[in-house]
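Numbering that gives the first Met the number 0 numbers the first residue of the sequence shown as 0 and each following residue consecutively.
Every residue, glycine too, gets a C-beta built ideally from N, C-alpha and C.
Please read all numbers here as calculations on a predicted model, not as lab measurements.
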Amino acid sequence: MNTAQLLEKLAESHRLQSSEWEALIAGQTPELAEEAARLARLAREPFYGKKVFIRGLIEFTNFCRNDCLYCGIRRSNRNAARYRLTREQILSCCEIGWELGFRTFVLQGGEDPWFTDEKICELAREIKSRWPQCAVTLSIGEKEETSYRAFREAGADRYLLRHETADTDHYQRLHPPELTLEHRMNCLRTLKRLGFQTGAGFMVGSPGQTPQTLAKDMLFLQELQPEMVGIGPFLPHHDTPFAKEPAGNGEQTLYLLSLVRLMMPQVLLPATTALGTLLPNGRERGMLAGANVVMPNLSPGDVRDKYLLYDNKLHSGDEAAESVRHLRASMAAIGYEVVTDRGDCAAVCKDGRETT
Ligand code: SAH
0 MNTAQLLEKL AESHRLQSSE WEALIAGQTP ELAEEAARLA RLAREPFYGK KVFIRGLIEF
60 TNFCRNDCLY CGIRRSNRNA ARYRLTREQI LSCCEIGWEL GFRTFVLQGG EDPWFTDEKI
120 CELAREIKSR WPQCAVTLSI GEKEETSYRA FREAGADRYL LRHETADTDH YQRLHPPELT
180 LEHRMNCLRT LKRLGFQTGA GFMVGSPGQT PQTLAKDMLF LQELQPEMVG IGPFLPHHDT
240 PFAKEPAGNG EQTLYLLSLV RLMMPQVLLP ATTALGTLLP NGRERGMLAG ANVVMPNLSP
300 GDVRDKYLLY DNKLHSGDEA AESVRHLRAS MAAIGYEVVT DRGDCAAVCK DGRETT
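Listed below in structure tokens is the structure:
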């Protein structure tokens, strides 16, 4: 089969075999990418129409016990100015976000032991009790099953944990020896089993990535069937071992967004901040490639330039209100509508049970 036929097969059957994924990924051309984007927009339409879901991202700590080679807040970066938001600061971000129409709050951070399970549970409970109609998403890394279960019981609805790469050797090139792909994948399976809407994903263009490793990523997603997939370009950070590595490719990121949408028509797929950082109008172009989620930053202004995973992070300097106004306008300009909605995955009920 040629690449155009492979694309058609993917759009119809939502799955491919390893060698087919590899050929489709390696065979990217501008024409093929345009066709993939067109088909991806068609695929999202019956489930999400022209809606854009927004998530309020609260980067509540940049302390991290891990040492991922790509990440600017890795523990060996002595130059990172570390911060933690207080409980009151976090709740005030939610308050501001709620007024602006956010119905999902994403608590993201490094793996910071100061935030014990009890503290995370208390936060989740408090947010859900003050704003019962919101969804709470956690993105705080690898934990024990008992911790994940406690977070779920405290009311957390979703969990983002990118697998980063589904190739063992590649995983080891990106991470220190104590972190393993096997453990990360087990965490993802546990999260799904506990009824979280679960997000996996990877960076595009991370050092050592090839069409073969990307094919493994697609096969892993095909098997896991996560409710959310986070994909953004790798962007170097000057204080990491990957400082001199080239950034990922924006066009390839857009193409992979389209392929993920075709594989999983109901998936929640953000146009990421990293994509917006790399490409002018990156988030709008992400929507046109099949994405349906944007995650504006609700963190207080004075800590935003400290949560630096990579250099030149998109940072309008705008207050949250101003940036949401811009987002609504720029999405409207391309025919999409930012909505005030929890924005659950079309494939699950709100209590986490699958409908299909
Ligand atoms: N500590 C949490 C949250 C990580 S930050 C966790 O382990 O899941 C969220 C994502 O940012 C990471 O999963 C990674 O894919 C991405 N990221 C980190 N450094 C990056 C870089 N230099 N360029 C692009 N994306 C990066």
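- Taken through DSSP and simplified to helix, strand or coil, Gln16 comes out as coil.
- No heavy atom of ligand 1 is found nearer than 7 Å to the CB of Ala242.
- Burial is judged here by how many other beta carbons sit within 10 angstroms of a residue's own beta carbon; Ala123 has at least 16 and is buried.
- In this structure, Arg161 has its beta carbon less than 7 Å from a heavy atom of ligand 1.
- Straight-line measurement puts the Cα of Val105 at about 9 Å from the Cα of Ala134.
- Rounded to the nearest whole angstrom, the CA to CA distance from Gly207 to Trp130 is 43 Å.
- Between ligand 1 and His237, a heavy atom-to-CB distance of less than 7 Å is absent.
- Look at Ile53 here: in three-state DSSP terms it is strand.
- Annotation for Thr239: Leu68, Tyr69, Cys70, Gly71, Arg73 and Asn76 place their beta carbon closer than 8 Å to its own, counting only its chain and skipping 5 residues before and after.
- Taking the Cα positions, Leu178 is about 22 Å away from Ala214.
- The beta carbons of Met217 and Gly198 sit no closer together than 8 Å.
- Within 7 Å of the C-beta of Ala165 there is not a single heavy atom belonging to ligand 1.
- Relative to ligand 1, the beta carbon of Tyr69 is positioned inside 7 Å of a heavy atom.
- DSSP, reduced to helix, strand and coil, places Ser138 within a strand of the structure shown.
- Going by beta carbons, Leu38 and Leu6 fall inside the 8 Å limit.
- The DSSP-derived three-state label of Ile89 is helix.
- For the 8 Å CB-CB criterion, Gly289 and Arg260 form a contact.
- A Cβ-Cβ distance of about 6 Å is found for the pair Leu256 and Ile230, placing them in contact under the 8 Å criterion.
- Taking C-beta separations shorter than 7 Å and ignoring five residues to either side along the sequence, the partners of Glu250 in its chain run Ala32, following chain order.
- About 2 Å separates the beta carbon of Gly247 from that of Gly204, a gap short enough to meet the 8 Å contact definition.
- Taking the Cβ of Ile139 as the reference point, at least one heavy atom of ligand 1 falls within a distance shorter than 7 Å.
- Annotation: the continuous beta strand (DSSP E) that includes Pro232 extends over Met227 to Pro232.
- Separation of Ile89 and Asp301 (C-alpha to C-alpha, rounded to the nearest whole angstrom) is 13 Å.
- Ranked by Cα distance from Asp166, the first of Ser138, Phe201, Leu187 and Lys142 is Phe201.
- Phe59 has its CB no nearer than 7 Å to any heavy atom of ligand 1.
- Judged by DSSP in its simplified three-state form, Asn296 adopts strand.
- The residues Pro264, in chain order, have a CB closer than 8 Å to that of Pro45 in the same chain once the five nearest residues on each side in sequence are set aside.
- Under the three-state reduction of DSSP, Ala199 is assigned to strand.
- The beta carbons of Gln211 and Glu87 sit no closer together than 8 Å.
- The DSSP-derived three-state label of Glu110 is coil.
- The C-beta of Thr164 has 16 or more other C-beta atoms within 10 Å across all chains shown, which makes the residue buried.
- Taking non-hydrogen atoms of ligand 1 into account, the C-beta of Gln107 is found less than 7 Å away from one of them.
- In this structure, DSSP gives Tyr47 a helical state, which the three-state scheme calls helix.
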